[in-house]
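Chains as they are written, first to last, in my numbering: chain A, 15 to 146; chain B, 458 to 547.
Data block below; observations after.
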Amino acid sequence: MAPKVGIVLVSHSAALARGAAELAGQVSGSGVTIGTAGGTEDGRIGTSIDKVQRALALADGGAGVVILPDLGSSVLTVRALLADSDDLPAHVVMADAPFVEGAVAAAVAAAGGGDVQAVLEAAQEARHARKL
Amino acid sequence: MPGNCEATIVLAGDLHARPAGALSVAAAKFASAVLLLAGGKQANARSVLAVMQLGASNGQEVTVRATGPDAREAVDAMIGILAEATRAGD
Chain A
15 MAPKVGIVLV SHSAALARGA AELAGQVSGS GVTIGTAGGT EDGRIGTSID KVQRALALAD
75 GGAGVVILPD LGSSVLTVRA LLADSDDLPA HVVMADAPFV EGAVAAAVAA AGGGDVQAVL
135 EAAQEARHAR KL
Chain B
458 MPGNCEATIV LAGDLHARPA GALSVAAAKF ASAVLLLAGG KQANARSVLA VMQLGASNGQ
518 EVTVRATGPD AREAVDAMIG ILAEATRAGD
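Take a look at the structure:
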């Protein structure tokens, strides 16, 4: 079976990243690797470029990775990694999407066999999803 | 020439997040375009958020409408998931 696009969730909170990954994993079924990079190396609220890099390596199955940041400096951390690192998997992109809805939509699109562009678009379409 | 196929099911439970995901993952495997219609709303079956937004609930009719080369197979798959998932009640 062709490798699926991986997902990386970057949050200021390790618990939030893990929880969103658990939810997205349940909704999408098995078969999609969702890496998480939550909090700082010493477990505080914040972001860690090294954690993002490790999550990327975990999520990369050869088909590319879509990264979803939660807020503010998560975006800056991912941007810094994408700009500076020369040791990235191929086809890594950051989605401009709401964290929970985007994670669920991206994971489902990846589980359905979508490529990086399709998974990115699924995540970003979540901006328009209304709850009520 | 693309085919059309449509079927309707009465849900035996609410359409929760996991079956919505299963519908979208399955819909992506077909070449046909697949629409779900419920309560006057419609959703592209490939969009899990749109499917959840239908808010389809126990006792409600859901119509699956597919257009494309594998429309019948797509409708059969969707109806199967809807029947199974809402009966299991998760």
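Every residue, glycine too, gets a C-beta built ideally from N, C-alpha and C.
Since this is a predicted model, take the numbers as computed values, not measurements.
Bridge partner(s) assigned by DSSP for residue i
{"i": "Gly86/A", "result": "Per DSSP, none; premise fails for Gly86/A."}
{"i": "Met108/A", "result": "Ile81/A"}
{"i": "Gln499/B", "result": "Leu494/B"}
{"i": "Asn461/B", "result": "Thr524/B"}
{"i": "Val22/A", "result": "Gly49/A, Ile81/A"}
{"i": "Ile538/B", "result": "Paired residues: none, contrary to the question."}
{"i": "Ile466/B", "result": "Val519/B"}
Same chain, Cβ closer than 6 Å to residue i, neighbours up to 5 away in sequence not counted
{"i": "Gly546/B", "result": "Note on Gly546/B: pLDDT 48, under 50, position unreliable in the model; the coordinate value appears next. Result list for Gly546/B: Gly470, in chain order."}
{"i": "Ala485/B", "result": "Arg503"}
{"i": "Val106/A", "result": "Val79"}
Same chain only: Cβ atoms within 8 Å of residue i, ignoring 5 sequence neighbours per side
{"i": "Asp129/A", "result": "Val19, Ala77, Gly78"}
{"i": "Asp64/A", "result": "Glu55"}
{"i": "Gly496/B", "result": "Leu511, Gly512, Ala513, Gln517"}
{"i": "Val41/A", "result": "Val118, Ala121, Val122"}
Cα-Cα separation, residue i to residue j
{"i": "Met15/A", "j": "Val532/B", "result": "24 Å"}
{"i": "Phe487/B", "j": "Gly57/A", "result": "44 Å"}
{"i": "Ala500/B", "j": "Thr524/B", "result": "14 Å"}
{"i": "Glu463/B", "j": "Ala29/A", "result": "43 Å"}
{"i": "Val114/A", "j": "Leu492/B", "result": "24 Å"}
{"i": "Arg522/B", "j": "Asn461/B", "result": "7 Å"}
{"i": "Val519/B", "j": "Pro476/B", "result": "14 Å"}
{"i": "Met535/B", "j": "Ala474/B", "result": "15 Å"}
{"i": "Pro103/A", "j": "Arg93/A", "result": "15 Å"}
{"i": "Ile538/B", "j": "Ala479/B", "result": "7 Å"}
Cut-off 7 Å between Cβ atoms - residues of its own chain near residue i, not counting five sequence neighbours on either side
{"i": "Thr50/A", "result": "Leu23, Ala31, Arg32, Ala35, Ala69"}
Buried or exposed (CB count within 10 angstroms, at least 16 for buried), residue i
{"i": "Val467/B", "result": "exposed"}
{"i": "Glu139/A", "result": "buried"}
{"i": "His26/A", "result": "buried"}
{"i": "Leu82/A", "result": "buried"}
{"i": "Gly10/A", "result": "This structure cannot speak to residue 10/A, because chain A is shown only from 15 to 146."}
{"i": "Leu172/A", "result": "With chain A covering 15 to 146 only, the question about residue 172/A has no answer from this structure."}
Distance cut-off 7 Å: residue i Cβ against heavy atoms of the ligand COA
{"i": "Ala35/A", "result": "In the structure shown, the ligand COA is absent, as is every other ligand, since no ligand is present at all."}
Cβ of residue i within 8 Å of any chain E Cβ
{"i": "Glu36/A", "result": "Absent here is chain E; the protein component of the structure consists of chains A and B."}
Would you list, in chain order, the members of the segment 60-90 of chain A that have their beta-carbon closer than 8 Å to a beta-carbon of chain B?
Taking 8 Å as the Cβ-Cβ cut-off, the segment 60-90 of chain A has no residue approaching chain B.
Which residues, in order along the segment 529-541 of chain B, keep a beta-carbon less than 7 Å from a beta-carbon of chain A?
none
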